[in-house]
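Sequential numbering of the sequence shown, starting at 11, is according to our numbering. Built from N, CA and C at the ideal position, the CB exists for glycine as well.
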Amino acid sequence: MNEICFRLSRVYPVAFALFGADGALSRGAVRTQVQAMVRHGVHGITVLGLASEVHRLSAVERQCLMEWVIEDAAGQVPVAVTIAEPSVEAQVAFAGRARAAGAAWLILQPPPVKAVPEAALIRFFGAVADKVDLPLAIQNAPEYLGVELSTAGIAALNRAHPNVSMVKVEATAAAVHRLFTESEGRMDIFNGRAGNDMVESLRAGAVGFVPGGESYDVLTAIFNDLTTPEGNPERGQARYREILPLLAFLMESVDHFLLYGKHLLALRLGGDLANFLPRAPCADPTPFSLAFLQAEAVRMGRL
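Shown next, in the form of structure tokens:
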């Protein structure tokens, strides 16, 4: 096995937005979710990413969910907050609220404007970075967000704004390696993709992962086995091969991931499924997929 980079060993699963029967965010369900994450040894928690249905939440709901997750983490693990506001001023304002609530670092999403020149994106992120005094990551996921920065653009941001020190991608291991190589290892790379490509991405230069919130206990254990001196790489790779069919199933699309990732979390937590559905409108789960998830929940065990 090739040497794996583990300067910063960390898995930050995304907390789902969990709703009650009335369609509002459920305080109790969110607390149960976060406390289970902490109990199972995650290195940190991310909130307000795509898996948090950030674009389906109102501004008030985004702030509420962020504050709940940070409160429930209770300082036991750091919390990273995604900032998805559409303007420099709104991102800076939300970043201030996140800092005041206790966020450890922030992930900046590009504004939802297509065909923006890269120079304009660099100016946008730079203007935010100049007014925020927390470590920052840029979310670079063009297949989901429709906006992309080049490796050269990301490196330029880092040189001009050193607090832009991380990148959050949804990428293959090959793409991670290109980013790591072309940025000369200057930035910490976090990959997502539900945990797909974990072993290969670590070899390629990734230092951490932001997976979903349904199998974080297994992914954290695998990560620890692969990256820590007291770990067991052979056991980690065996567990990784075992969970790969589930991860591949979940990553069909964001909506597919939300529908079935939340369902799996409900099965593993023993929660009321009504609190674990994506915000309407959403598709109905199929009997075939539900049977697959039921078997996976039994294999993985309760949280």
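Note to self: Helix, strand or coil, according to DSSP, for D143 in the structure here?
What the structure shows: coil
Please confirm whether V220 and T56 have their CB atoms less than 8 angstroms apart. Yes, they are a contact pair.
* Asked: In this structure, what does DSSP give as the bridge partners for K315?
  -> Beyond the ends of the chain as shown, which are 11 and 313, falls residue 315; an answer cannot be given.
Practice problem: Would you mind sorting L283 into buried or exposed? The rule is 16 or more other CB atoms within 10 Å of its CB. | Solution: exposed
Consult DSSP for T92 and reduce its assignment to one of helix, strand or coil. strand
Checklist entry - Is the shortest distance between the beta-carbon of E77 and the beta-carbons of chain D less than 8 angstroms? => result No chain D is part of this structure, which consists of one protein chain only.
Are V234 and R196 close, meaning C-beta to C-beta below 8 angstroms?
The displayed chain sequence assigns Asn, not Val, to residue 234. No, these two residues do not count as a Cβ contact at 8 angstroms.
| message | Tell me whether E153, by its Cβ, gets closer than 7 angstroms to a heavy atom of the ligand GDP. | response | This structure does not include the ligand GDP; it has no bound ligands of any sort.
Among residues of its own chain, excluding the 5 on either side of L277, which ones have a beta-carbon nearer than 6 angstroms to its beta-carbon? Its chain contains A307 as the residues whose beta carbon lies nearer than 6 angstroms to that of L277, once the 5 sequence neighbours on both sides are disregarded; these appear in chain order.
Measuring CA to CA, which of G106, E210, G85, R249 is closest to L229? R249
### CA-to-CA distance, E224 to Y270, given in whole angstroms
9 angstroms
- Query: Per DSSP, which one or two residues make a beta bridge with L35?
  - Reply: Partner(s): F29.
Review point. Using DSSP with H/G/I as helix, E/B as strand and the rest coil, what is E13?
Key: At E13 the pLDDT is 40, less than 50, meaning the model places this residue with poor confidence; the figure from the coordinates comes in the next sentence. Of the three classes helix, strand and coil, the one that applies to E13 here is coil, per DSSP.
| field | CB of Y226 within 8 angstroms of CB of V21, strictly | value | yes
- Buried or exposed: S211, going by 16 or more other Cβ atoms within 10 Å of its Cβ? buried
Cutting at 7 angstroms between CB atoms, please list the residues of its own chain near F134, excluding the five before and the five after it.
Hits under 7 angstroms: V98, P121.
Which residues in the same chain as F16 place their Cβ atom closer than 6 angstroms to its Cβ, once the five residues preceding and following it in sequence are excluded? Note on F16: pLDDT 36, under 50, position unreliable in the model; no value is reported.
Residue span of the alpha helix (DSSP H) that contains L67, given as start and end
Per DSSP, L67 lies in no alpha helix (DSSP H) and is assigned neither H nor E.
Do A94 and L268 have their C-beta atoms within less than 8 angstroms of each other?
-> In this structure, A94 keeps its C-beta atom at 8 angstroms or more from the C-beta atom of L268.
Extent of the continuous beta strand (DSSP E) to which T56 belongs:
55-57
request  = Entirely within the region 195-267 and at least 3 residues each: give me those beta strand (DSSP E) ranges in chain order.
outcome  = Counting only runs of at least 3 residues, the region 195-267 fully encloses the following beta strand (DSSP E) elements, listed from N- to C-terminal order: 198-201.
With a threshold of 6 angstroms on Cβ separation, who are the neighbours of H53 within its own chain once the five nearest residues in sequence on each side are excluded?
R20, V21
Taking N206 as the reference, which of A83, L189, I232 has the closest Cα?
-> I232
* To do: Compute the Euclidean distance between the alpha carbons of V264 and K178, then round it to the nearest angstrom.
  => 16 angstroms
Notebook entry, point to check: According to DSSP, what are the bridge partners of W115?
Noted result: A90
(request) Return the CA-CA distance between M208 and L144, expressed in angstroms with no decimal places. (result) Cα to Cα, the separation comes out at about 27 angstroms.
Nearest to G156 (by Cα), restricted to the options A125, A139, A166: It is A125.
| Skipping 5 residues on each side, what residues in its chain have a beta carbon closer than 6 angstroms to that of Q101? | I93, E95, V138
*What separation, rounded to the nearest whole angstrom, lies between the Cα atoms of G1 and R188?*
Only positions 11 to 313 of the chain appear in the structure, and residue 1 is not among them; the question remains open.
request  = Could you round the C-beta distance between I199 and A183 to whole angstroms and report it? I think they count as a contact, below 8 angstroms.
outcome  = In fact, because the Cβ distance is near 11 angstroms, the residues do not count as touching under 8 angstroms.
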